[in-house]
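Asker: Position one of the sequence shown corresponds to residue 1 (my numbering), numbered consecutively onward. Note that CB positions come from ideal geometry on N, CA and C, so glycine has one too. The following block contains the structure, expressed as structure tokens.
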Amino acid sequence: MSPGGSTGGGAAALSAGMTFLEYGSDLVGSIRVPASFCGVYGLKPSAGIVPLSGFGPPGVPPTLTESAYMSSLGPLGRFAADLRTALRVTAGPEAPTAYTWALPRSRRTRLADFRVGYVLDHPGAPVSSEVGALLSDAVDALAATGATLAEGWPGGVEPVREAESFGVFLCPSNFTPAFPHDARPFDQRTILTPECERPYTDQPFWISHASLPGLPAVVEPVGRTPAGLPVGAQIVGPLYEDDTAITFAELLGDVVGGYERPPL
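If you want it as structure tokens, here you go:
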């Protein structure tokens with residue numbers, strides 16, 4: 001099975017216990033999709049808080065573009081707390097300045113105090129039954145903690161804008177678990193789900209809602225399919241409140257299981 005995007009190798013090594021922390025880049029889900037496929041935690045930080053220096057080749061800095069704004073460097077770990085530790089070390093000003101940076105504290109410290117919006121499916125990228133079942137179980141477990149839940153996008157409100165009004169917003173990280181590698185050109189690739197064969201290009205739908213406005217998003221493992229493949233939920237937080245999303249993932253992990261060591 002493919003481990004996902006460009007951070008797939010690091011996510012697989014992390015899951016297998018070959019390292020305790022990894023760092024990757026996320027433009028079109030290349031942290032979040034591998035984290036989901038490999039059963040680990042991954043954070044796409046708020047846009048711009050982790051410097052991009054050293055990620056690309058040396059020389060003249062690239063011209064700022066929309067894709068550069070959406071590209072974030074972030075950590076992957078087997079525990080949500082590892083994401084917080086890594087972010088505190090790597091985020092902040094690129095060069096010494098008169099200003100200091102600190103990770104803002106989470107809005108809440110108990111699941112019962114969170115107001116959580118969630119969407120588990122959408123006709124634009126229907127979620128497969130094996131993924132949907134695990135996400136639904138995670139929401140049920142969350143409801144049992146006393147958290148306030150609000151399902152669906154309100155009419156006339158853009159999903160990205162709505163995510164900013166909740167403490168966090170929970171949604172799929174992908175419509176499918178890991179799938180076999182397909183060497184054909186992108187526009188010819190397909191993904192087989194229990195329901196039907198789907199276009200490979202349907203994958204960016206669920207990760208775009210955090211990428212476009214630069215919001216922080218944590219992927220958290222919420223279980224395994226009947227075939228034993230990990231599935232991750234995506235937790236989108238308010239801009240620059242990365243610790244709110246991390247803290248929520250940390251607390252939710254106590255009720256949905258979190259990282260499970262894969263059979264080796």
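Quick one: is residue 234 buried, meaning 16 or more other Cβ sit within 10 Å of its Cβ, or exposed?
Answerer: Classification of residue 234: buried, given that the 10 Å Cβ count is 16 or more.
Asker: Which residue spans inside the region 108-190 form an unbroken beta strand (DSSP E) run of at least 3?
Answerer: The region 108-190 contains these whole beta strand (DSSP E) runs: 115-118, 148-151 and 168-172.
Asker: Using CA atoms only, rank isn't needed, just tell me which of 202, 113 and 169 is closest to residue 128.
Answerer: Nearest of 202, 113 and 169 to residue 128, Cα basis: 202.
Asker: What does a CB cutoff of less than 7 Å around residue 46 pick up in its chain, not counting 5 residues either side in sequence?
Answerer: 214, 215, 216, 239, 240 and 242.
Asker: Under 8 Å Cβ to Cβ from residue 162, same chain only, skipping five residues before and after it: list those, please.
Answerer: For residue 162, the predicted model reports a pLDDT of 47, less than 50, meaning its position is unreliable; a value from the coordinates is still stated below. So the list reads 117, 153, 154 and 169, once near-sequence residues are dropped.
Asker: Can you list, in chain order, the residues of its chain whose CB lies under 7 Å from that of residue 32, leaving out five sequence neighbours each side?
Answerer: Here the set comprises 26, 42, 44, 173, 207, 217, 219 and 234.
Asker: Going by C-alpha distance, which of 137, 54, 48 and 84 is nearest residue 249?
Answerer: The candidate whose alpha carbon is nearest that of residue 249 is 84.
Asker: Taking the continuous alpha helix (DSSP H) assigned at residue 250, which residues delimit it?
Answerer: Here the alpha helix (DSSP H) through residue 250 covers 242-256.
Asker: Would you mind giving the Cβ-Cβ distance between residue 37 and residue 77, rounded to the nearest angstrom? I have them listed as a contact below 8 Å.
Answerer: At roughly 16 Å, the Cβ-Cβ gap does not stay under 8 Å, so residue 37 and residue 77 are not in contact.
Asker: Within the continuous alpha helix (DSSP H) that includes residue 84, where are the two ends?
Answerer: 80-90 is the span of the alpha helix (DSSP H), which, as asked, contains residue 84.
Asker: To the nearest angstrom, how far is it from the Cα of residue 11 to the Cα of residue 113?
Answerer: Distance between the alpha carbons of residue 11 and residue 113: 31 Å.
Asker: Starting from the Cα of residue 262, find the closest Cα among 229, 74, 171 and 181 and give me that residue.
Answerer: Here the closest residue by C-alpha is 229.
Asker: Throw me the rounded Cβ distance for the residue 115 and residue 148 pair, which I believe falls under 8 Å.
Answerer: Right, the Cβ-Cβ distance comes to about 5 Å (below 8 Å), so this counts as a contact.
Asker: Rounding to the nearest angstrom, what Cα-Cα distance links residue 222 and residue 98 in this structure?
Answerer: Between residue 222 and residue 98, the C-alpha separation is close to 42 Å.
Asker: Closest to residue 245 by C-alpha separation, out of 103, 28 and 18, would be which residue?
Answerer: Checking every option, the nearest Cα to that of residue 245 belongs to 103.
Asker: Take residue 125 and list the residues in its own chain whose beta-carbon comes closer than 7 Å to its own, dropping the five residues that flank it on each side.
Answerer: These residues qualify, in order along the chain: 175, 202, 205 and 206.
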